[in-house]
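>
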Amino acid sequence: MPELPEVETIKRILSKDVVGLTIKDVTVFYKRLIQTDYDEFVLNIKNKKILSLSRKGKYLIFHLSDDFALLVHFRMEGKFFHLKDLESNLNKHVSLYFTMDDGSYMIFNDVRKFGVMCLYKEEELPDCKPLKELGLEPWDIKGPEYLLEAYKHKGYMMKEALLDQSVISGLGNIYADEVLYRSKINPFMKAKDLNEEEAKKIIVNADEVLKEAIKAGGSTIRTYHPAQGVSGLMQVSLKAYGHEGKPCEECGARMEKRYVGGRGTTYCPRCQHVAPSIAITGKIAVGKSQVLEIFSSLGCYTASADEMVHSLYASESFLKLLKARFPFLFVDGKLDKGIVITKMGEDKKFRRGYETFIWSAVRDLINTFLINHTDKIAVVEVPLLFDAKMEDDFTFVVGVESDKQREYLEEREDHDVEKRLAINKRNSYDLNRKKLDYVIVNNGTRESLMSQVGTVFSSIYNAKANTCKKSH
DNA sequence: GCAACTGTTGCTTA
DNA sequence: CTAAGCAACAGTTG
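For the first sequence, my numbering begins at 574 and goes up steadily by one.
#1: Could you tell me the distance, in whole angstroms, from the CA atom of H883 to the CA atom of F891?
#2: Do you know how far the Cα of E954 is from the Cα of S627?
#3: DSSP beta-bridge partners for P820?
#4: So, under 8 angstroms CB-CB, K962 and A848 are touching, yes? Tell me the CB distance rounded to an integer number of Å.
#5: Are the Cβ atoms of G708 and I747 separated by less than 8 angstroms?
#6: Output needed for G805: all residues of its chain with C-beta closer than 6 angstroms, excluding positions within five of it in sequence on either side, in chain order.
#7: With distances taken between CB atoms, is the gap from V752 to N768 smaller than 8 angstroms?
#8: Could you tell me if T1028 is buried or exposed, where buried requires 16 or more neighbouring beta carbons within 10 angstroms of its beta carbon?
#9: Does N768 come out as helix, strand or coil in the three-state DSSP assignment?
#10: Would you mind working out which of L736, R648, V859, T609 sits nearest L993, comparing C-alpha positions?
#11: Which ranges would you report for the beta strand (DSSP E) in the region 829-860 if only whole runs of at least 3 residues count?
#12: Which first and last residues belong to the beta strand (DSSP E) in which I623 is found?
#13: List the whole-angstrom C-beta distance separating E822 from T968, where the pair is believed to meet the contact cut-off of C-beta under 8 angstroms.
#14: Straight-line CA distance for E733 to V833?
#15: Taking F959 as the reference, which of K589, S1001, V809, S1031 has the closest Cα?
#16: Exposed or buried, what is N620 when buried is set at 16 or more other beta-carbons lying within 10 Å of its beta-carbon?
#17: Does DSSP classify T595 as helix, strand or coil?
#18: Excluding the five sequence neighbours on either side, which residues of its own chain have a C-beta within less than 7 angstroms of the C-beta of L894, listed in chain order?
#19: Using only alpha-carbon positions, find the residue among E696, K652, K657 that is nearest to L669.
#20: Let's test the definition: count the other Cβ atoms within 10 Å of the Cβ of R925 and tell me whether it reaches 16, buried, or not, exposed.
#21: Quick one: is L616 buried, meaning 16 or more other Cβ sit within 10 Å of its Cβ, or exposed?
#22: What do you reckon, are the CB atoms on M730 and K757 nearer than 8 angstroms?
#23: Specify, as a first and last residue, the run of the beta strand (DSSP E) that L669 falls within.
#24: Following the continuous alpha helix (DSSP H) through I714, name the residue where it begins and the one where it ends.
#25: By DSSP, does V913 sit in helix, in strand, or in coil?
#26: From which residue to which residue does the alpha helix (DSSP H) around V615 run?
#27: Given 8 angstroms as the limit, is there contact between the region 854-868 and the region 922-940, that is, 3 or more CB pairs closer than that?
#28: With 16 other CB atoms within 10 Å as the buried threshold, where does F1030 fall?
#29: Only counting runs of 3 or more residues, tell me where the beta strand (DSSP E) segments fall wholly within the region 929-979, in order along the chain.
#30: Got a sec? Which residues, its chain only, sit under 6 angstroms from K622 by beta carbon, not counting five neighbours each side?
#31: May I ask you to verify whether the region 708-723 touches the region 682-697, counting CB pairs closer than 8 angstroms and requiring at least 3?
#32: According to DSSP, is I775 helix, strand or coil?
#33: According to DSSP, K694 sits in a beta bridge with which residue or residues?
#34: Return the first residue and the last residue of the beta strand (DSSP E) that K652 is part of.
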């Protein structure tokens, strides 16, 4: 779990234990851990005394005798244990251990084996590849100009910006969310649009969050050092990370989570000025598209899951993925929809797998749409919202209902009215009806529909306009 | 039992 | 140059 605060804490604990000891020998179980020349590492690390420890960003540095320096990055799960007993602590997750001159051992335990070590000469250290590009730690940033300058041409989102170690070093996924939450900044806004006020807030809050965590880490991470592995996060009070679905502690709005660059991002849509998102769902031929269209006319961004599915089937890269997963659906290199339909009917397991595959692709597209449209309300029509388990991806869910489905289908000159109505039964809309935030009943005139949509819109719009109690 | 998700970073590809 | 996607790996959770 090492972000900057943990590395700092490990540094403090290990400093007390190992400074003054000499590394007599090293035993490596996972060679790729060593990023600099392996033979030189093994040769040069021996008989080096540990003079001191320091930290840069998330890197831990052992300063050794003869001007050597050992650079360690823990990545996701790396841990150091300083122990007297070796045998009982060796397991398949131990990547390496050092034998110390007092008979103790320093064991590097790394379940996922992402951790890395480098051995340099001290004079190489400032210019070595890992450290060269490292940005300032929050407390070393003199003013907002530093961030404004660094982000000036960056098209990435603020969430990505805080994870960019070449600008600010030390924040990871957890604290990046915390900093944005405390600063009340939209995680999806472009870094280049950051203003001076916001930059100031980020610097102050990053400083505070990390310092608080170091403080808390010092008391709880103690268990880190003696044998047993650490479980969970430090006891610092996190208000964003892990709070998806819970009420915001500031304003009570429901905390949401979206993915940016593969990293989960939790935020308060209201405090952090992320315009609400709305899902429109309902059975076939109840007027969902009309409702979507009305939202569009009210100035909302709109999208449709059905259209996304169509675009997927038209996309070369998607078809390639589909073929890799379900090769038997392809005849002469082309997707045979007949086979898909037949198999969907007779093979339940296939149907589940196929639907999951399509829905996860659609979900990605919806996520992309949402994170790129956070300044105004975004509305997406998702007919099978509940089947695809996407209801939690939106701030609000609006159901559209009508007892005139048959009429509407007939109006569309649909040849298979009965079949359509039968398919309808698969829609788990009824089962999930209580999850709806709003219901629009489409039984009357266009005027009635417009007025209902208008009511829903203004209710949501005004909820968004609520200001937060506190601001930093 | 499988699929999705997890604290990080850097390399490859377009 | 940027941007995205993936790879490295193994465990936990639904």
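We treat Cβ as the ideally placed atom computed from N, Cα and C, and that holds for glycine.
None of these values were measured; they are calculated from a predicted model.
Checking against the coordinates, here is how it stands:
#1: The sequence position of residue 883 within the first sequence is 310, counting from 1. The sequence position of residue 891 within the first sequence is 318, counting from 1. Going by the C-alpha atoms only, they are around 11 angstroms apart.
#2: Numbered from 1 along the first sequence, position 54 holds the residue referred to as residue 627. Numbered from 1 along the first sequence, position 381 holds the residue referred to as residue 954. Roughly 53 angstroms between the two C-alpha positions.
#3: Stepping through the first sequence from its first residue, residue 820 is reached at position 247. DSSP, once it has assigned bridges, lists R827 as partnering P820.
#4: As a position in the first sequence, residue 962 is number 389, starting the count at 1. As a position in the first sequence, residue 848 is number 275, starting the count at 1. About 23 angstroms separates the two Cβ atoms, so there is no contact after all.
#5: Residue mapping note: residue 708 aligns to position 135 of the first sequence, counting from 1. Residue mapping note: residue 747 aligns to position 174 of the first sequence, counting from 1. Going by C-beta atoms, G708 is not nearer than 8 angstroms to I747.
#6: Within the first sequence, residue 805 is the residue found at index 232, counting from 1. Confidence is the limiting factor: at G805 the pLDDT is only 40, short of 50, which leaves the residue's position unreliable, though a coordinate-based value still follows. Within the same chain, G805 has no close Cβ partners at all.
#7: Here residue 752 refers to the residue found at position 179 when the first sequence is read from its first residue. Here residue 768 refers to the residue found at position 195 when the first sequence is read from its first residue. No, the Cβ-Cβ distance between V752 and N768 is not below 8 angstroms.
#8: As a position in the first sequence, residue 1028 is number 455, starting the count at 1. By the neighbour-count rule (16 or more Cβ atoms within 10 Å), T1028 is not buried but exposed.
#9: Numbered from its first residue, the first sequence carries residue 768 at position 195. It is coil, neither helix nor strand.
#10: Residue numbering aside, residue 993 sits at position 420 when the first sequence is read from its first letter. Just to set this straight, residue 993 is Arg in the shown sequence, not Leu. Among L736, R648, V859, T609, the Cα nearest to that of R993 is on V859.
#11: 829-833, 836-840, 850-855
#12: By 1-based counting over the first sequence, the position of residue 623 is 50. Residues 621-629.
#13: As a first step, residue 822 is located in the first sequence; it is residue number 249 there, counting from the start. As a first step, residue 968 is located in the first sequence; it is residue number 395 there, counting from the start. Not really, about 18 angstroms apart at Cβ, beyond 8 angstroms.
#14: Numbered from 1 along the first sequence, position 160 holds the residue referred to as residue 733. Numbered from 1 along the first sequence, position 260 holds the residue referred to as residue 833. E733 and V833: Cα-Cα distance of roughly 8 angstroms.
#15: For the purposes of this step, residue 959 is taken as the residue at position 386 of the first sequence. The shortest C-alpha separation from F959 is found at S1001.
#16: To locate residue 620, count along the first sequence from 1; it is residue 47. N620 should be labelled exposed.
#17: Counting from one through the first sequence, the residue named residue 595 turns up at place 22. If DSSP states are grouped into helix, strand and coil, T595 belongs with the strands.
#18: As a working note, residue 894 is residue 321 in the first sequence. So no residue of the chain qualifies.
#19: Locating residue 669 in the first sequence gives position 96, where the first residue counts as 1. Closest by alpha carbon: K652.
#20: Translated into the one-based positions of the first sequence, residue 925 becomes position 352. Answer is exposed; the Cβ neighbour count stays below 16.
#21: Position 43 of the first sequence, counted from the start, is the residue given in the question as residue 616. Label assigned to L616: exposed.
#22: One-based indexing of the first sequence puts residue 730 at position 157. One-based indexing of the first sequence puts residue 757 at position 184. No, the pair does not count as a contact, with Cβ atoms beyond the cut-off.
#23: Position 96 of the first sequence, counted from the start, is the residue given in the question as residue 669. Residues 667-673.
#24: By one-based count along the first sequence, residue 714 stands at place 141. Unbroken run through I714: none, as it is neither H nor E.
#25: Taking the first sequence and counting its residues from 1, the one referred to as residue 913 is at position 340. Three-state result, V913: helix.
#26: Along the first sequence, read from residue 1 onward, the residue named residue 615 stands at position 42. Note, V615: alpha helix (DSSP H), 611-618.
#27: no
#28: Translated into the one-based positions of the first sequence, residue 1030 becomes position 457. Buried, since its Cβ has 16 or more Cβ neighbours within 10 Å.
#29: 951-954, 969-974
#30: For the purposes of this step, residue 622 is identified with residue 49 of the first sequence, where counting begins at 1. T595, S638.
#31: no
#32: Sequence index remark: in the first sequence, residue 775 carries index 202 (1-based). Three-state result, I775: helix.
#33: Position 121 of the first sequence, counting from 1, holds the residue named residue 694. Paired residue(s): F641.
#34: As a first step, residue 652 is located in the first sequence; it is residue number 79 there, counting from the start. 652-656 is the span of the beta strand (DSSP E), which, as asked, contains K652.
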